[in-house]
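A short worksheet on the structure shown next.
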Amino acid sequence: MSNSSNIKHVAPPDGYSGEGFFATKLSEVVGLARANSMWPLPFATSCCGIEYMATMAATYDIGRFGSERMSFSPRQADMLLVMGTIAKKMAPILRQVYEQMAEPRWVIAVGACASTGGVFDTYSVLQGIDKVIPVDVYVPGCPPRPEQILDGIMELQNIVKNESVRRRSSDEYKDLLNSYNIK
Amino acid sequence: MLKKNTMSDLLLVPEKRFEKQIEETRKNDGIELSILNLGPTHPATHGIFQNILLMDGEKIIDGEGTVGYIHRAFEKIAENRPFYQVNVLTDRLNYCSSPINNTGWWLTVEKALGIEIPKRVQYMRVIIMELARIADHIICSSVMGVDTGALTGFLYVMQYREKIYEIYEEICGARLTTNMGRIGGFERDWSEAAWRKLDEFLEEFPAVWKEFEDLLARNRIFMDRTIGAGAIDAERAISYGFTGPNLRAAGVDYDIRVHSPYCSYEDFEFDIPVGQNGDCYDRFCVRNAEVWESMKIIRQALEKMPEEGGFHADVPEYYLPPKEDVYNNMEALIYHFKIVMGEIPVPNTEVYHAVEGGNGELGFYLITNGSRVPYRLHFRRPCFIYYQAFNEIVKGRSLSDAIITLSSMNVIAGELDA
Amino acid sequence: MSLTNEIVQQTLSQQFTPKVENFHIEHDMLAFEVKQEASFEVIQFLKEHTEMNFNFLTDVCGVHYPDYEQNRQFCVVYHLHNWMDNIRIRIKVFLPANKPEIESIVPLFAGANWQERETYDFYGIVFKNHPQLKRILNMDEMESFPLRKEFPLEDQGRTDKDDRFFGRTGPNC
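Protein chains in written order, with my numbering: chain X, 1 to 183; chain E, 1 to 418; chain A, 1 to 173.
As structure tokens, this is what we get:
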């Protein structure tokens with residue numbers, strides 16, 4: 001163990017501890033485990049993708065938040081980071097990638113273009129990816145600074161930690177997916 | 001033996017065309033070909049463009065690319081935005097080296113309006129353009145390393161790209177999409193911190209770049225992967241319209257900064273690195289050598305920088321006057337109003353201006369008709385023009401060669417589709 | 001002696017009048033117009049003639065002029081570049097609105113392939129004998145040609161943006 005004094009210890013979740021055991025709610029443990037090992041699928045389309053490369057690199061290091069392995073296969077990824085403009089030609093492909101992801105899955109829309117279409121209010125650009133897939137966190141910016149992208153990921157970690165384990169089978173979630181016609 | 005494609009075959013979606021060829025080879029030769037979709041989202045394609053390849057095992061027989069997955073209609077937007085707002089669009093062309101695109105746009109507008117730029121401003125523009133070129137080549141070369149499996153180089157030199165971002169922030173406030181400059185110069189003078197960071201960068205970066213080059217340039221594995229892959233000869237390259245490092249790797253020393261100098265490039269001495277075979281290894285080496293040349297140019301510009309000249313030309317109709325004048329002087333108030341509303345005096349003219357971007361000749365063809373917005377603006381995008389040759393270059397090579405060729409050509413999706 | 005704008009203009013006028021006309025110099029670049037039928041032979045002459053030597057095709061693009069007369073509505077603009085003598089030249093070919101067709105120059109310059117597809121995609125200008133004339137940047141199913149002046153910039157079906165906040169009212173949309 002390190003002897004330095006500037007390490008901040010995070011409090012454990014509420015629970016009952018004794019000799020060699022710690023009892024707490026299942027959802028707390030599952031939330032903690034999921035939040036600290038989110039594997040991203042970097043769906044980088046344009047300029048925000050370059051800021052993501054800077055976030056991946058050594059100065060801002062997304063690896064310390066648990067996202068050490070970038071999974072380019074949707075089946076092995078937890079969160080879909082959509083970075084950059086999505087044109088209408090690309091929208092069906094984005095949807096296909098989202099549908100291939102296994103539950104539990106989350107989506108972060110990074111940048112103004114993915115959130116609402118950004119500067120490009122034109123005939124060929126999709127005005128926000130929430131027209132085709134449900135989104136959990138929106139990160140504004142054009143492009144957002146790496147700190148902002150990390151803030152978005154931390155926000156998502158908060159959501160994941162506090163999510164109920166029964167969410168994916170709840171009626172609300174099913175209605176949400178139905179509104180997008182996602183099976 | 002594949003039958004030649006008929007005209008109507010080529011208009012089909014590539015998969016259908018290839019399915020016909022697969023049927024044929026199965027019947028005639030007994031060989032089973034397959035279709036591989038190097039789809040729009042793929043870790044190796046930096047940016048989204050699709051390639052449908054007809055493969056015989058690992059060998060590529062034929063292929064067709066589909067682009068347009070990030071078509072944002074820049075040219076249509078530019079017909080509806082005043083000149084200052086078009087600068088925001090040019091950032092997002094080759095977004096790894098935005099200052100070059102910005103400066104190219106301002107040089108085009110200044111040519112159309114007939115504005116003279118003071119020497120000091122020209123030298124400052126040269127410095128920022130060369131810094132952007134270094135940033136672009138850092139990404140391209142380090143990502144070539146990543147695609148062959150060498151992640152260390154990328155992580156190491158990206159830290160110095162962060163230093164370049166800090167310099168951009170001191171000058172214009174943004175890291176990546178800089179929106180830098182105004183008609184006639186820069187929006188504010190460079191702070192003392194910007195000059196200091198520039199000096200620090202020039203001191204520290206050469207050692208870092210040398211280490212990065214030593215990591216890959218004579219590395220047995222890297223050389224075996226890249227030598228011979230994706231070669232193109234000079235004749236074919238010129239016919240396709242290649243420019244920039246891809247053309248210089250094929251042996252042709254065409255560089256717009258030397259051929260038709262703009263923005264005082266004729267005052268600087270630098271070499272044009274040239275390759276021999278036009279393959280991936282030559283492109284890698286040419287880009288690395290260009291970084292050394294860019295650092296040389298920046299040092300010369302810093303030494304020869306004139307003291308006088310300010311940071312913008314004296315063109316009150318086009319450049320926002322300082323706020324003290326706006327509040328005290330009637331003329332300045334009127335100019336301020338007209339510039340902000342976009343009602344600047346624009347002649348009826350057509351102009352084409354090209355700059356040497358990170359990937360080659362980035363051209364702007366502007367037609368004005370006296371109104372506050374361009375009548376037609378066309379971007380001559382180097383990536384769009386040389387990516388056509390990709391399928392011809394990789395015919396007959398293996399799939400891994402195709403991946404490394406794609407990353408060595410430095411195809412940036414923003415410039416491909418515009 | 002090296003090539004200059006005047007020599008190019010003289011040679012072209014001698015060889016091709018009345019198919020070429022309206023020579024003028026804009027910002028040091030020679031620009032002229034060519035009739036629709038003669039575009040391929042003029043460009044071939046410029047490329048292959050021993051004195052002209054325009055070896056590089058810089059750019060192909062289209063322009064829509066809805067205010068000009070009916071047989072000059074569309075324009076295809078070629079920019080060529082002679083590397084040896086550093087001369088650039090701009091060729092404009094005006095096409096009628098009802099039949100915007102022009103001969104493709106892909107046999108001369110391989111790089112014209114995608115650029116002509118882009119011009120077709122944006123304006124609907126048909127390039128005869130082009131090896132693969134289909135849309136490139138827009139979706140294949142799109143029916144209209146978006147860069148024509150009458151086509152609106154914004155997607156008319158979008159519901160999340162209120163045009164009044166952008167100053168876009170009916171008449172000035």
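All C-beta atoms in this analysis are idealised placements derived from N, C-alpha and C, irrespective of residue type, glycine included. Bear in mind that the values here come from a model prediction, so they are computed numbers and not experimental data.
Which residue's Cα is closest to the Cα of residue i: the options?
| i | options | result |
| --- | --- | --- |
| residue 163 of chain A | X:62, X:17, X:30, X:121 | X:121 |
| residue 3 of chain A | A:40, A:27, A:43, A:52 | A:52 |
| residue 381 of chain E | E:416, E:358, E:292, E:373 | E:416 |
| residue 410 of chain E | E:394, E:166, E:387 | E:387 |
| residue 247 of chain E | E:230, E:218, E:265, E:278 | E:278 |
| residue 165 of chain X | X:5, X:14, X:33 | X:33 |
| residue 45 of chain X | E:152, E:385, E:93, E:25 | E:93 |
| residue 86 of chain A | A:20, A:95, A:63, A:55 | A:55 |
| residue 159 of chain E | E:193, E:183, E:149, E:209 | E:209 |
Could you tell me which residues DSSP pairs with residue i in its beta bridges?
| i | result |
| --- | --- |
| residue 364 of chain E | E:353, E:379 |
| residue 88 of chain A | A:81 |
| residue 139 of chain X | X:110 |
| residue 182 of chain E | E:185 |
| residue 68 of chain E | According to DSSP, residue 68 of chain E bridges with nothing at all. |
| residue 153 of chain E | BP columns for residue 153 of chain E are empty, so no partner. |
| residue 129 of chain A | DSSP lists no partner for residue 129 of chain A. |
| residue 75 of chain A | A:63, A:94 |
| residue 52 of chain E | E:37, E:64 |
| residue 42 of chain X | X:81 |
| residue 30 of chain A | A:25, A:89 |
| residue 210 of chain X | Only positions 1 to 183 of chain X appear in this structure, which leaves residue 210 of chain X out of reach. |
Would a check of beta-carbon distances place residue i closer than 8 Å to chain A?
| i | result |
| --- | --- |
| residue 180 of chain X | no |
| residue 253 of chain E | no |
| residue 272 of chain E | no |
| residue 124 of chain X | yes |
| residue 175 of chain X | no |
| residue 356 of chain E | no |
| residue 183 of chain X | no |
| residue 384 of chain E | yes |
| residue 240 of chain E | yes |
Counting only the same chain and skipping the five closest in sequence on each side, list residues whose C-beta sits under 6 Å from that of residue i.
| i | result |
| --- | --- |
| residue 86 of chain E | 78 |
| residue 117 of chain X | 125, 127, 128 |
| residue 168 of chain A | none |
| residue 355 of chain E | 104, 362 |
| residue 71 of chain X | 39, 41, 77 |
| residue 259 of chain E | none |
Only counting the same chain, and skipping five residues up and downstream in sequence, which positions put a Cβ closer than 7 Å to that of residue i?
| i | result |
| --- | --- |
| residue 88 of chain E | 179 |
| residue 61 of chain A | 77, 119 |
Can you confirm whether residue i, when its beta carbon is compared against all beta carbons of chain X, has any partner nearer than 8 Å?
| i | result |
| --- | --- |
| residue 388 of chain E | no |
| residue 96 of chain E | yes |
| residue 155 of chain A | yes |
| residue 207 of chain E | no |
| residue 159 of chain E | yes |
| residue 43 of chain E | yes |
| residue 73 of chain E | yes |
| residue 117 of chain A | no |
| residue 52 of chain A | no |
| residue 161 of chain A | yes |
Answer with yes or no whether the minimum CB distance from residue i to chain E is below 8 Å.
| i | result |
| --- | --- |
| residue 129 of chain X | no |
| residue 65 of chain X | no |
| residue 93 of chain X | yes |
| residue 49 of chain A | no |
| residue 111 of chain A | yes |
| residue 97 of chain X | yes |
| residue 83 of chain X | no |
| residue 59 of chain A | yes |
Please report the Cβ distance between residue i and residue j, rounded to the nearest whole angstrom; I am assuming they are in contact, meaning their Cβ atoms lie under 8 Å.
| i | j | result |
| --- | --- | --- |
| residue 130 of chain E | residue 298 of chain E | 5 Å |
| residue 48 of chain E | residue 413 of chain E | 5 Å |
| residue 138 of chain X | residue 73 of chain E | Not confirmed; about 23 Å, so no contact. |
| residue 264 of chain E | residue 123 of chain E | 6 Å |
| residue 35 of chain E | residue 54 of chain E | 6 Å |
| residue 112 of chain A | residue 57 of chain A | 6 Å |
| residue 153 of chain E | residue 212 of chain E | 5 Å |
Can you name, in chain order, every residue of its own chain whose Cβ lies under 8 Å from the Cβ of residue i, other than the five neighbours on each side?
| i | result |
| --- | --- |
| residue 106 of chain X | 38, 78, 79, 80, 136, 137, 156, 159, 160 |
Find the residues of chain D that neighbour residue i, judging by a C-beta separation of less than 8 Å, and give them in chain order.
| i | result |
| --- | --- |
| residue 158 of chain A | Considering every chain present, this structure includes no chain D. Its protein chains are X, E and A. |
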